[in-house]
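Numbering (the numbering used here), first residue to last: 68 to 267.
Written out below as structure tokens is the structure these notes cover.
Structure (structure tokens):
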């Protein structure tokens with residue numbers, strides 16, 4: 068996270084999702100890619116999805132960001148990744164529009180992106196205010212439920228939550244032709260099982 072002021076003296080925060088990935092593979096699941104994590108290939112959230120949801124959660128829950136109207140600008144930087152047809156594929160356009168991806172040869176473009184929002188340093192005061200800000204949802208639960216019933220996505224899913232959600236949808240599609248499927252979701256309190264269930 069980098070904080071500072073733009074040329075209009077407005078408070079800005081740039082959120083950069085750093086990845087050491089060298090390659091990824093397309094999947095059929097929205098916002099999900101396959102890449103090497105630990106031992107072997109695993110499905111995980113696209114870096115642009117991750118960065119944009121982190122920004123959205125901060126905006127939804129941090130009172131300092133809400134009340135002071137601090138601008139959040141997410142992006143992803145894959146500093147070992149060469150250009151290919153996967154990571155900036157049109158399939159991920161919705162997330163790339165919210166949080167652009169910068170690759171190995173894009174360091175100057177990343178620099179320009181940061182300078183657009185952080186022209187002047189702030190000695191950490193913006194981050195201090197955000198860190199000290201109260202945590203509170205920006206919407207009432209009742210408002211969110213009404214919106215959900217209208218088909219809108221209200222509860223942001225991060226990382227594993229998004230993967231479980233997309234896997235459930237994918238299995239639903241498979242069940243139409245292959246018969247019933249079972250997905251068991253495990254996790255301790257606060258890991259987001261209810262968020263996934265509500266979205267489903």
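Glycine is no exception: its CB is placed at the ideal position from the N, C-alpha and C atoms.
As the structure is a computational prediction, the values presented were derived from the model and not from experiment.
Item, Value
"Pick from 115, 70, 77 that is closest to residue 160, judged by C-alpha positions", "115"
"Residue 266 versus residue 93: straight-line alpha-carbon distance, rounded", "23 Å"
"Distance between residue 127 and residue 133 (C-alpha atoms, nearest Å)", "8 Å"
"For residue 83, the three-state DSSP class (helix, strand or coil)", "strand"
"Terminal residues of the alpha helix (DSSP H) in which residue 110 lies", "Counting along the chain, residue 110 falls outside any alpha helix (DSSP H), though it belongs to the beta strand (DSSP E) covering 108 to 112."
"Buried/exposed call for residue 187, threshold 16 Cβ in 10 Å", "exposed"
"Cβ-Cβ distance between residue 156 and residue 89 below 9 Å", "no"
"C-alpha gap between residue 231 and residue 263, whole angstroms", "7 Å"
"Exposure label - residue 77; buried when at least 16 CB within 10 Å", "exposed"
"Three CB pairs or more closer than 8 Å across the segment 231 to 240 and the segment 182 to 200", "no"
"Euclidean distance between Cα positions of residue 165 and residue 173", "18 Å"
"Residue interval of the beta strand (DSSP E) (run including residue 139)", "138 to 145"
"Coil, strand or helix - residue 122 by DSSP", "helix"
"C-beta atoms of residue 117 and residue 143 nearer than 9 Å", "yes"
"Cutoff 7 Å; reference residue 182; Cβ partners in own chain excluding five residues on either side", "none"
"Length of the line joining the Cα atoms of residue 150 and residue 228", "28 Å"
"Status (buried if at least 16 other CB within 10 Å, exposed otherwise) for residue 239", "exposed"
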